[in-house]
Each structure stands twice: as C-alpha cells, then as structure tokens.
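All remarks here apply to the structure that follows.
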Amino acid sequence: MKRIKKLLFSSELYFALFLYAGVFKESIKLPIDLAAVFLLLTCVLMMINIYRKGVLNKTFLVLTTVLFTIVGYILLNFIFTSGNAYFADKLIKFILLTIPTIVLTVLILNSKESVHKFYVSIVLITITIALILVPSLIARGTNIGFIGISGGNYQGVARLLGAGLVIAIFYFLLIETNLKKKAIMLIASLLILTVLLGTGSRMPILGVILASIYIAFQLVLLKSGVIYLRKGVKNLIPFVITLGL
Numbered sequence: 451m452k453r454i455k456k457l458l459f460s461s462e463l464y465f466a467l468f469l470y471a472g473v474f475k476e477s478i479k480l481p482i483d484l485a486a487v488f489l490l491l492t493c494v495l496m497m498i499n500i501y502r503k504g505v506l507n508k509t510f511l512v513l514t515t516v517l518f519t520i521v522g523y524i525l526l527n528f529i530f531t532s533g534n535a536y537f538a539d540k541l542i543k544f545i546l547l548t549i550p551t552i553v554l555t556v557l558i559l560n561s562k563e564s565v566h567k568f569y570v571s572i573v574l575i576t577i578t579i580a581l582i583l584v585p586s587l588i589a590r591g592t593n594i595g596f597i598g599i600s601g602g603n604y605q606g607v608a609r610l611l612g613a614g615l616v617i618a619i620f621y622f623l624l625i626e627t628n629l630k631k632k633a634i635m636l637i638a639s640l641l642i643l644t645v646l647l648g649t650g651s652r653m654p655i656l657g658v659i660l661a662s663i664y665i666a667f668q669l670v671l672l673k674s675g676v677i678y679l680r681k682g683v684k685n686l687i688p689f690v691i692t693l694g695l
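Below is the structure:
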C-alpha cells in the first residue's frame, strides 16, 4: 500500500500519463486538456522533489540553453520570413510539448529508482487500457477491423500496448524473482499481447517483434561455441513450463 501511495504521488506516473495522453484524452469528454493537466502535475511534483533534494542536474542547464537557443533561432526566422499560421502552430507545439518532454526526461529519469517507477507506470497504464479494450475485442468477434478507445486513436493505443508489452516481458518478467509477481506479469503480458494483436495496427506489432529479437540476443551469451543463458532467462524457463502444465 505504501508503494502504491508513493507511486500515485510521483512525477514519473504523471509524466508517463502526459506522454500517452493522446491515446485516451479524445475519448474522455472533459472540458479541459488532460495532457496539460498531467504536464502541470508532473512539473509541480518534480519541483517539490528538486526542492527536497536541493540538487539540480547540470545537464538540465546545458540542455535548456541549447533548446532555447534553437527556439530563438526559429523565432528570428519566423519574424523575418513572415511565417504563416501553420508555422506558428508547429512552433507552439514544439515549445509546449517537445521541449517539456525532453527537459522533463532529464530532470525526472535521473536514477534507477525513477526509471523503475516510470516503467511501472507505463505497464500499469498499458494494463488499464488493455482491460478497457477487452469488451471491444470480444464484441468484434471474428470481424476484421481496428479497435481503439471509443473507436479513437487505435494507432496510439497499439504503440502504447507495444511499449508496455516489451517492458512487461523484458524488464519485469525476466528480472523479477518473486514467483507471484512473475505470474501476475506473465498474465498481464498475455493480456496485453492479445489486445495488441486485436488492434489491427501492424507497425507496433512489428516493433515488438524486432525489439524482442534484439533483446533475446542480449539475454544469451555465446562463448567457445556454447550458448549460456543469463540468470533471468534460466529462472523464467522452468516457471513457464510449470505454469503450462
């Protein structure tokens, strides 16, 4: 319970929600922009955390200087070339979305603990989205088509499911040593995979396959013609066999 409470009031959770807000914000009819809300919560919690630690990453200062130099250069070009409304729209999105994403990544994901919380957040969001989409998947039956939240952004949903699946399998399922947690994560991975295949989006599925192939090669070691399995893989094989029986 303490870990859950700590996660609910962490900048990592709301940063993950901000990054993937486009997946579900159009389907949730609210008079406010959820992405803006999650960004605000992320910044507030991040500043509280920085205030408590009293430490500011040097990389942040260099990065912000570079980014604002780029923005200044773009603004000068916009002024002297009489930029149109389309250019202005892109510039605003770059300032309000792209820059915060880059800067917050440096400020928030600066330790193993924060990266772990971020991964947990993505997996939890992915499981929630997958559970929401299960009824749509069942209702569709054998018909061919795309599924999304309330018929919305199915490609965004598929990208989120793909990212969550890779993290669930290769970060938690292989690293985790607790059998109960392994069982939960295996069931979650199967759920996410089922819904991902049902979204009908091919590129995220291809991305998961390519990521799986790459990571699979990182999990084995070839030495003197002998294949050695890393600890996480050796622990997973008997667990999966037992579960299958």
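Counting from 1, position 12 in the sequence shown corresponds to residue 462 in my numbering; the numbering is continuous, with no gaps.
Where a beta carbon is used, it is the ideal one built from N, C-alpha and C, also for glycine.
Taking all protein chains shown into account, PRO481 has fewer than 16 neighbouring C-beta atoms within 10 Å of its C-beta and is therefore exposed. The alpha carbon of THR644 has as its nearest neighbour, out of ILE478, ALA608, LYS456, VAL516, the alpha carbon of ALA608. The beta carbon of TYR523 sits closer than 6 Å to none of the beta carbons in its chain outside the five residues before and after it. Inter-residue distance for ASP483 and PHE468 is about 10 Å (C-alpha atoms, whole angstroms).
With a minimum length of 4 residues, the unbroken runs of alpha helix (DSSP H) contained wholly in the region 514-558 fall at 535-543, 549-558.
Excluding five sequence positions before and after ILE549, the CB atoms of its chain that fall closer than 7 Å to its own CB belong to LEU517, given in chain order. Counted as a single uninterrupted DSSP element, the stretch harbouring LYS475 is not any alpha helix (DSSP H), since DSSP gives it neither H nor E.
Distance check between PHE544 and each of LEU525, ILE529, SER561, SER586 places LEU525 closest, using alpha-carbon atoms only. Straight through space, the alpha carbons of ALA538 and THR551 are spaced by roughly 19 Å. In this structure, SER460 is the residue among ILE454, SER460, ARG453, LYS455 with its C-alpha nearest to the C-alpha of SER564.
When DSSP states are grouped into helix, strand and coil, VAL645 belongs to the helix group.
In its chain, beyond the 5 residues on either side, no residue has a beta carbon closer than 6 Å to the beta carbon of ILE520. By the CB criterion at 8 Å, THR492 and TYR464 fall inside the cutoff. A straight-line Cα-Cα distance of about 16 Å links LYS455 and TYR569.
A Cβ-Cβ contact shorter than 8 Å links LEU615 with VAL658. Straight across, the Cα-Cα distance linking VAL553 with LEU581 is about 32 Å.
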